[in-house]
Amino acid sequence: MRAVQPMIGRVGAALFLLLAGLSDCSKFDNFETDSTVNDEVAATDLTARYPAALGQSGQRDAAPGPQVFPGAADDQAARSVTPAAEGVVAREGGQGYDLNFNNAEIAAVAKALLGDLLHLSYAVDPRVQGTITLSSGRSVARSDIMPLLESVLKFSGATLLKEGPVYKIVPGGEDMGGGSAGRFAGGRIEPGHGLSVLPLRHMSAQAMLKALDSFAAKPGMLRIDQPRNLLLVMGTSTERASTIEAALALDVDWMRNQSVGVFPVRNASPETIIAELTNIFDSGREGTAGNLVRFQPVVRLNAVLAVAQTTGVIEQVRTWVARLDRADYDNTTVRVYRIRYGNARVMAGILREVFTGQSAGSVGLPGSADLSQLTPGSSIQRSTSDNSQPSFGSRTMPTPTPSSGDPTGRGTDPMSQSRTGVGQRPEDRLSSLDSGGGSQPPLLANVRITADTANNSLLIYANRDQYKIIEKAIFELDRAPMQVAIDVTIAEITLRNELQFGVQFYIKGKNVSGGVSFGTSDVLAQAFPGGNFILGARQDPRVVINALRAITDVKVLSSPSLVVLDNQQAMLQVGDQVPIQTSQQSAVAGSSIINTVEMRDTGVILRVTPRVNANGAVTLDIIQEISNVVNPGGGNNPNLTPTISQRKIQSSVAVASGQTVLLGGLISARTNQSKTGLPILSELKGIGDLFADNTKTTDRTELILFIRPQIIRDGLDAQLVAEELRSKLNLIGRGTGAKATVQPVVRRKN
538 MRAVQPMIGR VGAALFLLLA GLSDCSKFDN FETDSTVNDE VAATDLTARY PAALGQSGQR
598 DAAPGPQVFP GAADDQAARS VTPAAEGVVA REGGQGYDLN FNNAEIAAVA KALLGDLLHL
658 SYAVDPRVQG TITLSSGRSV ARSDIMPLLE SVLKFSGATL LKEGPVYKIV PGGEDMGGGS
718 AGRFAGGRIE PGHGLSVLPL RHMSAQAMLK ALDSFAAKPG MLRIDQPRNL LLVMGTSTER
778 ASTIEAALAL DVDWMRNQSV GVFPVRNASP ETIIAELTNI FDSGREGTAG NLVRFQPVVR
838 LNAVLAVAQT TGVIEQVRTW VARLDRADYD NTTVRVYRIR YGNARVMAGI LREVFTGQSA
898 GSVGLPGSAD LSQLTPGSSI QRSTSDNSQP SFGSRTMPTP TPSSGDPTGR GTDPMSQSRT
958 GVGQRPEDRL SSLDSGGGSQ PPLLANVRIT ADTANNSLLI YANRDQYKII EKAIFELDRA
1018 PMQVAIDVTI AEITLRNELQ FGVQFYIKGK NVSGGVSFGT SDVLAQAFPG GNFILGARQD
1078 PRVVINALRA ITDVKVLSSP SLVVLDNQQA MLQVGDQVPI QTSQQSAVAG SSIINTVEMR
1138 DTGVILRVTP RVNANGAVTL DIIQEISNVV NPGGGNNPNL TPTISQRKIQ SSVAVASGQT
1198 VLLGGLISAR TNQSKTGLPI LSELKGIGDL FADNTKTTDR TELILFIRPQ IIRDGLDAQL
1258 VAEELRSKLN LIGRGTGAKA TVQPVVRRKN
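Be aware that the sequence shown starts at 538, since it is given in this note's numbering, and climbs by one per residue.
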């Protein structure tokens, strides 16, 4: 025991020195210690000692052992950590909050976070049961508490909803129709389950839905409002925030990083160049450069449109377009151009006259009706009449007289000779222009143009450059023609009493008298304010006819309504064909006589050719004829040389669409003789007149013509014209006899 005690004393002294040295070392962060202490510690022998055998009294010095010098980090780690307090603990200095909940009830967590910490009104659905374990590990900012609570509630099968100022915790499996809803404008998303509306600027809502649905968002979270291009996101605030962030990453102006080039081509079509560029750049749908460059033809500019992601690719496209746009001037072939609206035969004649130098007469143009599709008529308004009185508001023009040098029998017009081309028919004007200059060298050499009338197409033999010039001319000429609806009323007015000098004279006489006009004359004065045109609200010819009927007899001869193409002639004929003997000859003396008979049309004949002008007015070439046989002869013995009474109006007028023009003033007189007396005695020669009364009367009538054109540009105008005609038919069918005023069809300007 004695030997052991000194040894224990020495070991205790060494441990005391060692602890003293360690305590001194902990005072310095840089681990600096005193050299004496280190020497003593280094010399201390900490090896385990075993008691010596009994009877031995010898002792050994302690050998030095391992040494440990802990650093500052180890020292801090070695300190004891105080367990976090249960619930919410605020950090010092406003650095956030420490959250620590271990198997806490959901209601308790809601009270601690929503009520005590955020001071919000809340309610917990009784069906929400369960516990929450939440440990933040580090401080949580106040703005992050609500999203963290939403995530924790989601694990427990609950959802946080906001309805007004109250937050509700409800089971997550029920219909989430409530919650906050708002338009996302770049600010903070409202906490809780709700709906966010994101307006899309650069991407369609349908494409965005296809990109995000079932990938960046859960199924059923997204809806779209396609007309307003809106994306609707429903879910928790965290889910909505992540989805909107993904949508904003896709909704970018993709054209900002795109380079665009437009390259006109001269010697080839853009479609051909694009097909070759697609093969060169391998930019097809499944090509390696399918998304790097895209090509589109621009037919209007005859150019190639290229869109690429880099400017370098656009420069390569420019180089290849210049290489491929080469002309093969020897590549001359036949091309077929299908005419869409016009007449291929007329078009071929005009193109040959322009480009090859062949005159219109040598190509066999059709009549004036066909040629007038492309050649407008004269701009002068000419009015001629075959009877004594001129038309209202027009001056008398000399009637053309046939000349010996005119094989057509149309004669010459003094006014048409005073101005070049004015008053001539279209084919005459072309013929005169062509014959004056003689044959001219062709503009395009070795070009052939032929019309395929069966298919209404043109066969053009030319090279590429020549065909481009001809094609441009055809495109300008081949335009869709408009139609014109024409309403015509032809009436015969019996002239007697106040109307004995004509309708126009009667109206002017009333106006010149200076007195106030009432009744019928007032209506007529409003209808004919200055002569030809009927203006104002009363534009229906029935208004004028009913007014005249109150003072005289009015007979409506014809009232047709028809539709005709622009620059095409429309003809209406109601009457009989009368045989007229033109010649009589006998081959051998004493043989039978051969008579040559021609049929002459009589009755009501109307020919109208409308031309639509650029300003919306309609120029009308009108030929109106009323004729009848004066001495037709007996039943089986017809007169082959009858006398035909004819009243004719020929005029060219310009009138606005929907406006009514009146042409008239053609007065004719018919004398009727009648004899009445005693039978037998009135027939005695010499003294018969003593027993008879001879009466001789003269009936004078005036022919007036109402005509109203309406331009039909499209189906809407055609529908309006048809509805107007149907309203007139319904009025006639009801037999009301009302004086309905039909307003003209007015096309509104967009």
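Ideal Cβ placement from N, Cα and C applies to all residues, glycine included.
Practice task
Identify every residue that forms a DSSP beta bridge with Val-1093.
Solution key: Ala-1028
Handout entry: Segment contact flag, the region 1179-1199 with the region 1159-1169, C-beta cutoff 8 Å, min 3 pairs
Key = yes
Problem - Pairwise C-alpha distance: Met-1019 and Val-1080 - result: 30 Å
Problem - Contact check, Arg-1148 vs Thr-1156, beta carbons under 8 Å - result: yes
Practice task
Taking only the alpha-carbon atoms, compute the straight-line gap between Val-626 and Gly-633 and give it to the nearest angstrom.
Solution key: 9 Å
Problem - Residue ranges of each beta strand (DSSP E) within the region 756-795, 3 or longer - result: 759-762, 767-772
Handout entry: Environment of Asn-983 [buried if 16+ CB atoms lie within 10 Å]
Key = exposed
Exercise for the section: Below 8 Å on the Cβ atoms is my guess for Asp-1113 versus Gly-1153; work out the distance and round it to an integer in Å. Expected result: With a Cβ gap of about 40 Å, Asp-1113 and Gly-1153 do not count as contacting.
Handout entry: Any 3 or more C-beta pairs closer than 8 Å across the region 992-1010 and the region 1203-1211
Key = no
Exercise for the section: Compute the distance between the beta-carbons of Leu-636 and Leu-690, then report whether it is under 8 Å. Expected result: no
Problem - Host beta strand (DSSP E) of Asp-653 (start-end) - result: Here Asp-653 belongs to no beta strand (DSSP E), and DSSP marks it neither H nor E.
Problem - Beta-carbon proximity list for Ser-1129, same chain, < 8 Å, skipping 5 on both sides - result: Ser-1123
Practice task
Check whether the Cβ atoms of Asp-1024 and Ser-1098 sit closer than 8 Å, and answer yes or no.
Solution key: yes
Problem - Distance between Ser-806 and Asn-839 (C-alpha atoms, nearest Å) - result: 7 Å
Exercise for the section: Please go through the region 974-1041 and give each complete alpha helix (DSSP H) segment of 4 or more residues, from N-terminal end onward. Expected result: 1001-1014
Problem - Buried versus exposed, by CB contacts within 10 Å (16 or more), Ser-1120 - result: exposed
Handout entry: Exposure of Tyr-1043, with buried meaning 16 or more beta-carbon neighbours within 10 Å
Key = buried
Problem - Close Cβ partners of Asp-1138 (< 7 Å) along its chain, the five nearest in sequence each way excluded - result: Gln-1110, Gly-1112, Gln-1114
Exercise for the section: Could you check how far apart the C-beta atoms of Val-836 and Gly-798 are, in whole angstroms? I think they sit under 8 Å. Expected result: So it is not a contact: roughly 17 Å between Cβ atoms.
Practice task
Report yes or no: do three or more beta-carbon pairs, one from the region 1028-1043 and one from the region 1224-1243, lie closer than 8 Å?
Solution key: yes
Handout entry: Closest residue to Lys-747 among Ile-761, Tyr-998, Pro-736 (Cα-Cα distance)
Key = Ile-761
Practice task
Can you have a look at Leu-697 and say buried or exposed, based on whether 16 or more other CB atoms are within 10 angstroms of its CB?
Solution key: buried
Problem - Integer-rounded CB distance, given that Leu-980 should sit under 8 Å from Phe-892 - result: 5 Å
Handout entry: Alpha-carbon spacing of Gln-846 relative to Leu-785, whole angstroms
Key = 21 Å
Problem - Alpha carbon of Asp-1254 to alpha carbon of Ser-1095, nearest angstrom - result: 25 Å
Exercise for the section: Use the C-beta contact count for Gly-694: other C-beta atoms within 10 angstroms, 16 or more gives buried, fewer gives exposed. Expected result: exposed
Exercise for the section: Could you tell me which residues DSSP pairs with Val-1115 in its beta bridges? Expected result: Arg-1137
Handout entry: Inter-residue Cα distance where the pair is Thr-870 and Val-1101
Key = 39 Å
Handout entry: Contacting residues, own chain, Cβ-Cβ under 8 Å from Val-677 (five flanking each side not counted)
Key = Gly-633, Tyr-634, Asp-635, Leu-636, Leu-685
Practice task
Look at Ala-1151 and Ile-986 and say whether their C-beta atoms are less than 8 Å apart.
Solution key: no
Problem - Cβ shell of Gln-990 (< 7 Å), same chain only, five flanking positions each side left out - result: Looking at the sequence itself, residue 990 is Thr, so the reference to Gln does not match. Closer than 7 Å at the Cβ level, and outside the excluded window around Thr-990, lie Ala-881, Arg-882.
Exercise for the section: Return the bridge partner residues of Thr-1146 from the DSSP annotation. Expected result: Asp-1158
Exercise for the section: Kindly list the residues whose CB is nearer than 7 Å to the CB of Thr-775, restricted to its own chain and excluding five residues on each side of it in sequence; keep chain order. Expected result: Pro-684, Glu-687, Ser-688
Exercise for the section: Taking all protein chains shown into account, decide if Ser-1194 is buried (16 or more other Cβ within 10 angstroms of its Cβ) or exposed. Expected result: buried
Exercise for the section: Under the assumption that Ile-781 contacts Val-789 (Cβ atoms under 8 Å), give the Cβ distance between them as a whole number of angstroms. Expected result: Not really, about 14 Å apart at Cβ, beyond 8 Å.
Exercise for the section: Could you check what DSSP says for Val-1252 in three-state terms: helix, strand or coil? Expected result: The sequence given here places Gly at residue 1252; Val does not occur at that position. Correct three-state label for Gly-1252: helix.
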